[in-house]
Amino acid sequence: MLLGPTASGKSGCALAIAARLPCEIISVDSAAVYRGMDAGTAKPSAKARSEVPHHLIDIIEPTATYSAARFRSDAKRLIGEISGRGRIPLLAGGTMLYVKALLEGLDTLPAADAAVRAAIDREAALRGWPALHAELAQLDAATAARLKPNDAQRIQRALEVVRLSGRPMSELHGTKVASGLRFLTLALLPSDRLVLHQRIESRFDAMLEAGLVDELRRLRQRCDLRQDMPSMRSVGYRQAWQFLDGAIDRATLRARGVAASRQLAKRQLTWLRSMPKFTVFDCLEQQLEISVAEFAAAQWAARIH
Numbered sequence: 402m403l404l405g406p407t408a409s410g411k412s413g414c415a416l417a418i419a420a421r422l423p424c425e426i427i428s429v430d431s432a433a434v435y436r437g438m439d440a441g442t443a444k445p446s447a448k449a450r451s452e453v454p455h456h457l458i459d460i461i462e463p464t465a466t467y468s469a470a471r472f473r474s475d476a477k478r479l480i481g482e483i484s485g486r487g488r489i490p491l492l493a494g495g496t497m498l499y500v501k502a503l504l505e506g507l508d509t510l511p512a513a514d515a516a517v518r519a520a521i522d523r524e525a526a527l528r529g530w531p532a533l534h535a536e537l538a539q540l541d542a543a544t545a546a547r548l549k550p551n552d553a554q555r556i557q558r559a560l561e562v563v564r565l566s567g568r569p570m571s572e573l574h575g576t577k578v579a580s581g582l583r584f585l586t587l588a589l590l591p592s593d594r595l596v597l598h599q600r601i602e603s604r605f606d607a608m609l610e611a612g613l614v615d616e617l618r619r620l621r622q623r624c625d626l627r628q629d630m631p632s633m634r635s636v637g638y639r640q641a642w643q644f645l646d647g648a649i650d651r652a653t654l655r656a657r658g659v660a661a662s663r664q665l666a667k668r669q670l671t672w673l674r675s676m677p678k679f680t681v682f683d684c685l686e687q688q689l690e691i692s693v694a695e696f697a698a699a700q701w702a703a704r705i706h
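Sequential numbering of the sequence shown, starting at 402, is according to the working numbering.
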């Protein structure tokens, strides 16, 4: 498993490992699952994906929802299938919630129900999310206390859980079942946070140069895409939506996008440093891809001999 914050070089290292070992790459990226969202997600190039099999990229429309539970199920299935082919499953990405779900399991909450969610959405349109937050406070005070009154996605999910199970979400937490899977985990961490910030800034500029705004403009033409959908809350797309609505100018789009990317990296690093066991590589090292690939190859050779 290859993990790291945004702009740490995960994709390049994954391809370097795959050049030495018979790997198939499983993406651990909550934005890469969406079709048509390319400029703002730094997906591997078409050439890279033709040379090395990649999974969990471009698998759903931006109007759909992809959860940690679905990732856990998909990843476990793919790990079995890839191993069954005599190849090595290499998980690479930075969506730490997905990693946590795979390693530690998930609370046994009821699966999403489209009809219940649609009913909650209709109620929100009539009454507003703060009113539904107040309703949630009566049903599940502990969960409501940690949510903002306009946190539509989480309020909806908490109400959905109550309506489907008859029990508050806060009572259902803590019933996880671990996967039992074991991984060699490599973490790409920066020796200098300021240099990583500079990389993040350059990466966001590259997203803009790659046509992030025009890409989102085309996506919005499909008419069924909404600002509050999970895909559109991704870093870059959220700010580009505000720009296209005329709420901010291009300079503010860039500033907010860079700030959001840095905040994401901070959360990723905090989570990574809480993990119990992994091998660290300085993502700012000049020969990073070579170092990571050589280490992975040596570890695999030692395992099979």
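Note that beta-carbon positions come from the ideal geometry of N, C-alpha and C, so glycine has one too.
Bridge partner(s) assigned by DSSP for residue i
i: residue 403; result: 493, 587
i: residue 425; result: 490
i: residue 461; result: 435
i: residue 456; result: 427
With 16 other Cβ atoms within 10 Å as the buried cut-off, status of residue i
i: residue 640; result: buried
i: residue 376; result: With the chain running from 402 to 706 in the structure shown, residue 376 is simply not present.
i: residue 600; result: buried
i: residue 664; result: exposed
i: residue 444; result: buried
i: residue 619; result: exposed
i: residue 509; result: exposed
i: residue 523; result: exposed
i: residue 556; result: buried
i: residue 654; result: buried
i: residue 548; result: buried
i: residue 622; result: exposed
i: residue 657; result: buried
i: residue 405; result: buried
i: residue 407; result: buried
i: residue 484; result: exposed
i: residue 688; result: exposed
i: residue 505; result: exposed
i: residue 666; result: buried
i: residue 671; result: exposed
i: residue 482; result: exposed
i: residue 427; result: buried
Secondary structure of residue i, DSSP reduced to three states
i: residue 442; result: coil
i: residue 435; result: strand
i: residue 681; result: strand
i: residue 669; result: helix
i: residue 554; result: helix
i: residue 549; result: coil
i: residue 358; result: Residue 358 is absent from the structure shown; the chain starts at 402 and stops at 706.
i: residue 675; result: coil
i: residue 649; result: coil
i: residue 636; result: coil
i: residue 643; result: helix
i: residue 509; result: coil
i: residue 626; result: coil
i: residue 466; result: coil
i: residue 611; result: coil
i: residue 695; result: helix
i: residue 574; result: coil
i: residue 408; result: coil
i: residue 686; result: coil
Residue i and residue j closer than 9 angstroms at C-beta
i: residue 452; j: residue 416; result: yes
i: residue 694; j: residue 414; result: yes
i: residue 459; j: residue 591; result: no
i: residue 700; j: residue 582; result: no
i: residue 495; j: residue 429; result: yes
i: residue 662; j: residue 636; result: yes
i: residue 466; j: residue 502; result: no
i: residue 589; j: residue 403; result: yes
i: residue 491; j: residue 424; result: yes
Does the pairing of the segment 468-488 with the segment 439-453 give three or more beta-carbon distances under 8 angstroms?
No, because fewer than three Cβ pairs between the segment 468-488 and the segment 439-453 fall closer than 8 angstroms, the two stretches do not touch.
Does the pairing of the segment 512-532 with the segment 549-568 give three or more beta-carbon distances under 8 angstroms?
Result yes; three or more Cβ-Cβ pairs closer than 8 angstroms.
Any 3 or more C-beta pairs closer than 8 angstroms across the segment 671-680 and the segment 591-600
Of all C-beta pairs linking the segment 671-680 to the segment 591-600, fewer than three are shorter than 8 angstroms, placing the two stretches out of contact.
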